[in-house]
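In the working numbering, the protein residues as written are 40 to 620.
Just so it is clear, CB atoms sit at the ideal spot from N, CA and C, and this is done for glycine as well.
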Ligand code: NOJ
């Protein structure tokens, strides 16, 4: 495969509502984001993925777009966005925008027209069906609960909404609609952006027969997903989009694809097929779910190894992986797969190593780099997310015990990721001078960026070093992947190989002190400890130039750190080690 800049990049996701408020209205905004670009520069990221800032009635925090070419006033003006882009570019940081075109808002002009009469020219921009025996056209269930269909009184037909009732699905079978989307994408690319993150893009092609979901034991098939995930025309649509728009620009694309399996992902991302560069898959995010996301189950290291191996191997040489453990829809990783108490710092670093040493493009979600944790709000009144509120209502109506429901929300709710960014130990964590739209996590006096920046041993500086290492060692980006020690109950270990070199990664996922043995043929080899969360701080660490993103001491202390690899290594709680051989 030809090497590409987006394979060598690290992406940072900004959720604008919660990042930085510049005007005291309690809502993050574009000027706030611009004021924090130096922070991102220091971290060393290459690309920002900006969650939606478009005009929206905010039923789903901007994932319901009313005008694809306008900025939501709460976030600022188009000029503010232009300044943000220019300032990011001035720092060598690229910008990809969220593309939400499986659905729009019901307040989008297209839907206003489409719903006005059955013969409106835009009727076919959305998916309208007559009822069946006075009921919904089929039994599909919305991702946010309830039927996926809503009856429109005026024209006495139902429209499809796979998400909220205010997010009607666009009809991709209509070539005029597709043309509108391509023109809009071109418009943004011409404004200078560097690509798109595509929201639930594998949902855009539906089975045109709209059959009932058969039900059965597998939760995935009870809601109709098999009839719209990776649907019949999906590859055709993505190839057309690529031909008509993306191929004309040097841009990057990542498609969010719930339910996608590796063989399909290989088709989506194979460079010669011209679809997208990489996909967000969900298998590792489902490891702690039983029957749906709210049914919280313990996750198992063996299963995490299996999923990691499966995706790493399946796309090797065929396509490309995106690597993520957090985003605005997921609980905080340190609370989920790490330890957000005594070992918060060590486990957050270990999880970062786990991710950043794999093959693929790593994504960091705001706050991950300072080890932000889940929040446990005491009352449902503290929550804002539509999915969480719908779940609570449905569960309570079904007679559930409130404490059990809240426990699921504490573990899985999307607002875990959406509390304001914790900038410092001041009022409202330095996020706003006003009242934030959602409360700040009470742990901000301990967990905040100012403290992290000041401490060379912090999670922030650890991420900065991981990113710097990726820039220095091809093997981290391009090396082949293999899993080691499948049966070790506490340690995940894997190896990357490139041109005769080896990168050994050992990760203690728990609070014990297990022994780990490197592969026999590596024992005794001269190995450089590239990074480790218990490693003694290298001598030059903490020097002011480290803060500029220049080469870090962890990169330069090669000779000092060369040692023969021991046959047995005792790992401390949540310890990670990365050796280059
Ligand atoms: C996925 C987005 O990440 C999520 O936040 C949103 O609610 C749904 N797609 C619908 O747009």
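Asked, Found
"Distance, residue 453 Cα to residue 427 Cα", "7 Å"
"Rounded distance between the beta-carbons of residue 98 and residue 425, thought under 8 Å", "6 Å"
"Among 415, 249, 402, nearest to residue 442 - alpha-carbon criterion", "415"
"Local conformation of residue 554 per DSSP, three classes", "strand"
"Backbone CA spacing between residue 568 and residue 610 [nearest angstrom]", "14 Å"
"For residue 200 and residue 242, the rounded distance between their alpha carbons", "11 Å"
"Residue 281 - DSSP class collapsed to helix/strand/coil", "helix"
"Test item: CB-CB of residue 112 and residue 102 under 7 Å", "no"
"Alpha-carbon to alpha-carbon, residue 167 and residue 490", "54 Å"
"Heavy atoms of the ligand NOJ versus C-beta positions, residues under 5 Å", "99, 102, 202, 238, 239, 368"
"Integer-rounded CB distance, given that residue 400 should sit under 8 Å from residue 50", "6 Å"
"The region 310-320 in contact with the region 273-291 per 3-pair CB rule at 8 Å", "yes"
"Proximity winner among 432, 456, 46, relative to residue 626 (alpha-carbon distances)", "Nothing about residue 626 can be reported from this structure: the residues present for the chain run from 40 to 620 only."
"Rounded straight-line distance, which links the Cα of residue 84 to that of residue 586", "Reliability of the predicted coordinates at residue 586 is poor, the pLDDT of 32 falling under 50, and the value obtained from them is presented with this limitation in mind. Approximately 13 Å, taken between the alpha carbons."
"Short Cβ contact (7 Å threshold) for residue 429 with residue 183", "yes"
"Whether residue 613 touches residue 382 by CB criterion (7 Å)", "yes"
"Residue 469 in three-state terms, based on DSSP", "helix"
"Rounded Cβ spacing between residue 543 and residue 534 (contact assumed at less than 8 Å)", "6 Å"
"Top-ranked residue by Cα proximity to residue 172, from 151, 180, 196, 530", "196"
"For residue 514: DSSP bridge partner residues", "Bridge partners of residue 514: none, in fact."
"Backbone secondary structure at residue 583 - three-state DSSP", "With a pLDDT of 33 at residue 583, under the threshold of 50, the modelled position of this residue cannot be trusted; read the value that follows with caution. In this structure, residue 583 counts as helix in the three-state DSSP scheme."
"Neighbourhood of residue 373 by C-beta distance below 7 Å, restricted to the same chain and skipping five residues each side", "379, 383, 386, 387, 390, 410, 412"
"Limits of the unbroken alpha helix (DSSP H) element including residue 301", "301-308"
"Distance between beta carbons of residue 487 and residue 464, contact taken as under 8 Å", "6 Å"
"Alpha-carbon spacing of residue 180 relative to residue 207, whole angstroms", "14 Å"
"Contact between the region 232-239 and the region 128-145 (3+ Cβ pairs under 8 Å)", "yes"
"Beta-carbon gap between residue 536 and residue 563 smaller than 7 Å", "no"
"Contiguous beta strand (DSSP E) assignments of at least 3 residues, all confined to the region 107-187", "133-138"
"Three-state class that DSSP yields for residue 294 in the structure shown", "strand"
"Sub-7 Å separation of residue 398 and residue 321 beta-carbons", "no"
"Helix, strand or coil at residue 331 according to DSSP, with G and I counted as helix", "strand"
"Residue 46 (DSSP reduced to helix, strand or coil)", "helix"
"Terminal residues of the alpha helix (DSSP H) in which residue 71 lies", "69-74"
"Nearest-angstrom Cα separation, counted from residue 62 out to residue 297", "36 Å"
"The region 357-365 / the region 335-347 touching (three or more Cβ pairs under 8 Å)", "no"
"DSSP-derived helix/strand/coil call for residue 619", "strand"
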